[in-house]
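See below for the structure under consideration.
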Amino acid sequence: MVNKMTTIQYIFGFIFIVFFQMIITPRICIGNAYVDMAVILTVWVALVKGSHTGMFFGLGAGLLTGVLKPIELGWISFLLSATGFLVGNIKDKLIMEPLPVRILTLLIVALIYNIVFIFFTGFEMFFRNPSFIFSSAFLTAAYTTLVGAIVFCFLRYRYVLRNLF
2 MVNKMTTIQY IFGFIFIVFF QMIITPRICI GNAYVDMAVI LTVWVALVKG SHTGMFFGLG
62 AGLLTGVLKP IELGWISFLL SATGFLVGNI KDKLIMEPLP VRILTLLIVA LIYNIVFIFF
122 TGFEMFFRNP SFIFSSAFLT AAYTTLVGAI VFCFLRYRYV LRNLF
């Protein structure tokens, strides 16, 4: 029972994503950089459970995150679903158990996700000022990875932390 995710854990993850994106993210933005908890948890689920579970979790997280920005609902859902599926497939082909490898995977995935998202949602702006777009995408990916590293450490060592207190 140690590594089994039940439906209640997925529901808690969805509620946490919505809470984080609505309440916490606007308050901890640094310039144009923000934390995307949906990407963090989708990558974690895909790395732990595989491609199909990651894809469906990404779809659910995208639909719930897209409700906050209805104009971008389709792209968020599609990109998070594709992110979960592709990360799960990469996990099946490569060894992704060490924590630094998972954090590096999160950095690469967050950077690609942000660049593709900006490309599709702000197409005309993408070609007018590409240096701003890439710097914004990189800062958001770095900030997401920093918070994601903390979340990954917490999720990995949650049983050790629980036994300490």
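Count along the sequence shown from 1, then add 1; that gives the number in my numbering.
For glycine and all other residues, C-beta sits at the position ideal for the given N, C-alpha and C.
message = By alpha-carbon positions, which one of F133, R157, M97, F79 ends up nearest to F121?
response = Counting from one through the sequence shown, the residue named residue 121 turns up at place 120. Checking every option, the nearest Cα to that of F121 belongs to F79.
ask   = According to the neighbour-count rule (16 or more other Cβ atoms, all chains shown, within 10 Å of its Cβ), is Q10 buried or exposed?
value = Position 9 of the sequence shown, counted from the first residue, corresponds to residue 10. The residue in question, Q10, is exposed, as its Cβ has fewer than 16 Cβ neighbours within 10 Å.
key: Assigned exposure category for N33 - 16 Cβ within 10 Å defines buried   = Along the sequence shown, read from residue 1 onward, the residue named residue 33 stands at position 32. That one is exposed.
inquiry  = So, with DSSP's three-state summary, where would you put I91?
reply    = Here the question's residue 91 lines up with position 90 in the sequence shown. Reduced to three states, the DSSP call for I91 is helix.
request  = Enumerate in chain order the residues of its own chain whose CB-to-CB distance from L140 is below 6 Å, with the five nearest sequence positions on each side excluded.
outcome  = In the sequence shown, counting from the first residue as 1, residue 140 sits at position 139. Correct list, in chain order: A34.
query = Residue range of the alpha helix (DSSP H) that M1 falls in?
reply = Since the first residue of the chain shown is 2 and the last is 166, residue 1 is not available in this structure.
query = Where are the alpha helix (DSSP H) runs, 4 residues long or more, that stay fully inside the stretch 54-107, in chain order?
reply = Counting only unbroken stretches of 4 or more residues, the alpha helix (DSSP H) elements lying wholly within the stretch 54-107 are 74-94, in sequence order.
task = Would you check if the distance between the CB atom of L147 and the CB atom of V88 is smaller than 8 Å?
result = Taking the first residue of the sequence shown as 1, we reach residue 147 at position 146. Taking the first residue of the sequence shown as 1, we reach residue 88 at position 87. No.
key: Cα-Cα separation between I41 and L81, rounded to whole angstroms   = Locating residue 41 in the sequence shown gives position 40, where the first residue counts as 1. Locating residue 81 in the sequence shown gives position 80, where the first residue counts as 1. Cα to Cα, I41 sits roughly 10 Å from L81.
query = When the Cα atoms are used, what is the spatial distance from F17 to F127?
reply = Mapped onto the sequence shown, residue 17 falls at position 16. Mapped onto the sequence shown, residue 127 falls at position 126. The straight-line gap from Cα to Cα measures roughly 31 Å.
I31 - partner residues in DSSP beta bridges = On the sequence shown, position 30 is the one that residue 31 refers to. In the DSSP output, where bridge partners are listed per residue, I31 has A34.
task = Measure the beta-carbon distance from F86 to M38 and round it to whole angstroms, keeping in mind my assumption that it falls under 8 Å.
result = The residue labelled residue 86 in the question sits at position 85 within the sequence shown. The residue labelled residue 38 in the question sits at position 37 within the sequence shown. Between F86 and M38 a beta carbon distance of about 19 Å is seen, past the 8 Å cut, so the two are scored as non-contacting.
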